[in-house]
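For the record, the sequence lines run as chains A and B.
Counting the first sequence from 1 gives a position; my numbering is that position plus 42.
Counting the second sequence from 1 gives a position; my numbering is that position plus 135.
The beta-carbon is built from N, C-alpha and C at its ideal position, and this holds for glycine as well.
Please read these numbers as outputs of a predicted model, since none were measured by experiment.
Okay, so here's the structure we're looking at.
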Amino acid sequence: MSGRSRAVLPGFGLSLGITCTYLSLMVLLPLATVFARTADLSWASFWSTVTDPRVMASYRVTFGASFAAALVNTVFGLLVAWVLVRYRFPGRRVVDAMVDLPFALPTAVAGIALTTLYASNGWVGSYLEPLGLKVSYTWLGITVALIFIGLPFVVRTVQPVLDDLEVEVEEAAASLGARRWQTFTRVVFPTVAPALLTGFALAFARAVGEYGSVVFISGNMPMKTEIVPLLIITKLEQYDYAGATAVALVMLVASFVLLLTINLLQAAARRRSAA
Amino acid sequence: MASIALSRPATTAPRAVTRATGESRVVRWTLITVALVFLALTLLLPLTLVFAQALSKGFAAYLDAIKEPDALSAAKLTLLVASIAVPINLVFGVAAAWCITKFQFWGKHVLITLIDLPFAVSPVISGMIFVLLFGAHGWFGTWLLDHDIKIIFAVPGIVLATTFVTAPFVARELIPLMQEQGCEEEEAAIVLGAGGWQTFFRVTLPNIKWGLLYGLILCNARAMGEFGAVSVVSGHIRGETNTLPLHVEILYNEYAFAASFAVASVLTLLALVTLVLKTLVEWRQQRASAERKESVDSSERIAA
């Protein structure tokens with residue numbers, strides 16, 4: 043099969059040439075500079091840069107808020123996907139299209155809108171303030187922005203799996219005497235679990251690197267609400283290139299590990315559905 | 136399948152199915168309500184707020200904020216950047232999808248992962264890598280300075296960062312689509328004597344046009360809306376290196392909230408248009424693939 047298509051279809055050299063040249067020049071060479079630049083640093087100074095208390099605090103803020111947001115998205119993403127796939131109600135198609143809004147809306151717009159909404163005099167913030175809940179310019183605000191950004195990842199990963207789920211399996215469970223809740227936890231949930239986990243990982247990965255929507259609502263207090271991407275920008279603006287690249291390297295490695303995990307999860311899910 | 140369903144008594148079958156595999160009315164409507172309230176709070180409320188704030192000082196002030204020279208030059212720059220980044224990534228995306236889906240070669244999976252890489256990198260790092268390359272203290276910094284070429288804090292840097300960030304969109308959309316379609320039609324065209332380009336434009340392109348359009352729409356939306364990467368390389372020079380998202384930030388930080396939201400509302404309209412186009416293309420795509428399946432099925436029946 044492969045031998046035949048190689049013999050018949052033209053354009054292999056041209057298309058592979060364009061792809062590899064472009065990827066090398068546009069993606070690999072620029073990313074390699076991060077590794078090359080960090081190599082200028084001695085191990086000791088690299089270590090002291092990436093474990094500096096202010097940097098450590100920003101890891102906690104970024105990874106903590108990203109984790110919390112991804113968790114919220116997993117719960118509500120599954121609910122939204124379920125409702126969109128299983129139930130018919132007026133406006134369903136509009137709601138379905140709206141789920142992609144965070145993909146389409148520029149992050150800066152999301153950032154200023156959420157900040158204004160949750161400020162102490164905002165539409166939502168003014169109701170939360172008397173309850174003692176401050177959202178804008180706190181850790182909670184960062185999480186709110188990351189929930190907005192990450193929601194479509196979970197919904198769009200779970201939706202097709204729920205769609206493909208055969209009703210016959212649920213019917214079989216029901217005819218064998220399972221209650222509806224039992225069918226859900228024992229039959230439906232295990233089937234969508236890999237997709238749910240992938241969605242969680244995708245939302246988490248996106249949240250870790252997110253800048254535009256967070257930078258307005260976070261208040262950017264060092265040690266408290268400073269996210270890692272902002273710290274990198276601050277270091278760049280102070281011409282501390284070595285410091286910026288060292289922290290960026292830690293983030294890049296974290297992103298690659300996440301990317302690898304996501305790919306493995308998806309491969310496992312494919313094997314499962316093939317079996 | 137169909138014959139089994141038809142042989143059942145039509146009146147009782149659907150009710151039995153709903154009782155066994157559906158939720159009660161109360162549960163159903165509770166779930167729908169919770170989901171819709173959540174979506175209204177997270178998506179609809181911010182959207183409404185943008186327009187309410189934009190018009191909070193009246194329609195005249197709204198128009199002034201949009202027509203102001205700095206805003207107009209930001210809009211021009213945004214359009215310019217997208218008009219360069221999107222076609223480049225169109226060519227790359229088609230080439231990548233062609234070699235990955237039409238041929239077998241060693242290292243294909245590595246290549247697919249590499250294409251996805253810009254999505255895994257934080258936008259801030261995507262901007263930073265170009266500062267490391269072309270900035271005053273970057274690898275090519277002194278050479279560029281000697282030859283009086285400005286890339287960072289200038290338009291070329293913004294174009295580079297945007298192109299990097301939007302690189303995967305078209306390829307990602309095309310690869311699964313073309314994988315599913317296989318190579319039989321192209322092979323038939325070549326065997327019947329068509330040239331390579333002829334085959335691409337007459338056979339492949341009509342089959343992938345909706346997927347291609349879908350990728351382009353998403354690529355364009357991101358190119359026009361990118362903030363983090365562009366923010367690092369732009370230098371925020373008003374009237375020169377300010378894109379629309381950066382202009383929103385500057386106005387907001389100057390406490391010109393109504394003007395900031397007015398410019399933001401333009402970007403929001405762009406996002407809404409993107410969503411509408413995307414949805415329409417999705418529907419066309421579904422119909423096109425259904426028709427394809429049907430025609431394949433009927434030709435197989437004829438062959439049999």
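Inter-residue Cα distance where the pair is VAL245(A) and LEU126(A): Before going on, a small fix: residue 245(A) reads as Ala here, not Val. Going from the Cα of ALA245(A) to the Cα of LEU126(A) covers about 19 Å.
Per-residue DSSP class, three states only, for TRP164(B): When DSSP states are grouped into helix, strand and coil, TRP164(B) belongs to the helix group.
Endpoints, the alpha helix (DSSP H) within which HIS371(B) is located: Careful: HIS371(B) lies outside any alpha helix (DSSP H) and carries neither H nor E.
C-beta atoms of THR149(A) and PHE362(B) nearer than 8 Å: Cβ atoms of THR149(A) and PHE362(B): closer than 8 Å.
Touching by the beta-carbon criterion (3+ pairs, under 8 Å), the segment 214 to 228 of chain B and the segment 224 to 239 of chain A: No, the segment 214 to 228 of chain B is not in contact with the segment 224 to 239 of chain A.
Distance, MET313(B) Cα to ILE247(B) Cα: 14 Å
Beta-carbon separation (whole angstroms), ALA393(B) vs GLN188(B), contact threshold 8 Å: 7 Å
7 Å Cβ shell around VAL211(A) - same chain, five flanking residues per side excluded: VAL229
Counted within 10 angstroms of its Cβ, other Cβ atoms place LEU402(B) as buried (16 or more) or exposed: buried
Whether LEU300(A) touches ALA243(A) by CB criterion (8 Å): Closer than 8 Å, so yes.
The segment 254 to 270 of chain B in contact with the segment 288 to 302 of chain A per 3-pair CB rule at 8 Å: yes
Neighbour flag for ILE139(B) against chain A, beta carbons, 8 Å: Unreliable positioning characterises ILE139(B) in this predicted model, as indicated by a pLDDT of 35, which lies under 50. A coordinate reading is not provided.
Proximal chain B residues relative to TYR179(A), where beta-carbon distance stays under 7 Å: Residues of chain B passing the Cβ test: none, with the nearest at roughly 14 Å.
Completely contained beta strand (DSSP E) runs for the segment 297 to 355 of chain B, where each covers 3 or more residues: none
For LYS266(A), three-class secondary structure by DSSP: coil
9 Å Cβ cut-off: residues of chain A touching SER208(B): The premise fails here: SER208(B) is roughly 17 Å from chain A at the closest Cβ pair, so nothing lies under 9 Å.
8 Å Cβ cutoff, THR248(B) in contact with chain A: yes
Rounded straight-line distance, which links the Cα of LEU309(B) to that of LEU279(B): Here the alpha carbons of LEU309(B) and LEU279(B) stand approximately 37 Å from one another.
ILE286(B): first and last residue of the uninterrupted alpha helix (DSSP H) it sits in: Element bounds for ILE286(B): n/a, residue is neither H nor E.
For ASP432(B), the three-state DSSP class (helix, strand or coil): helix
Within-8 Å CB hit, ASN262(A) to chain B: It does not: the Cβ of ASN262(A) has no partner Cβ on chain B nearer than 8 Å.
Expected contact under 8 Å - CB spacing of THR116(A) and VAL177(A) to nearest Å: By a beta-carbon distance limit of 8 Å, THR116(A) does not contact VAL177(A). Their separation comes to about 21 Å.
Residue-level contact to chain B via CB, ILE274(A), 8 Å cutoff: yes
Residues of the segment 169 to 189 of chain B whose Cβ lies closer than 8 Å to any Cβ of chain A, in chain order: VAL169, ALA170, LEU171, PHE173, LEU174, LEU176, THR177, LEU178, LEU179, LEU180, PRO181, LEU182, LEU184, VAL185 and GLN188
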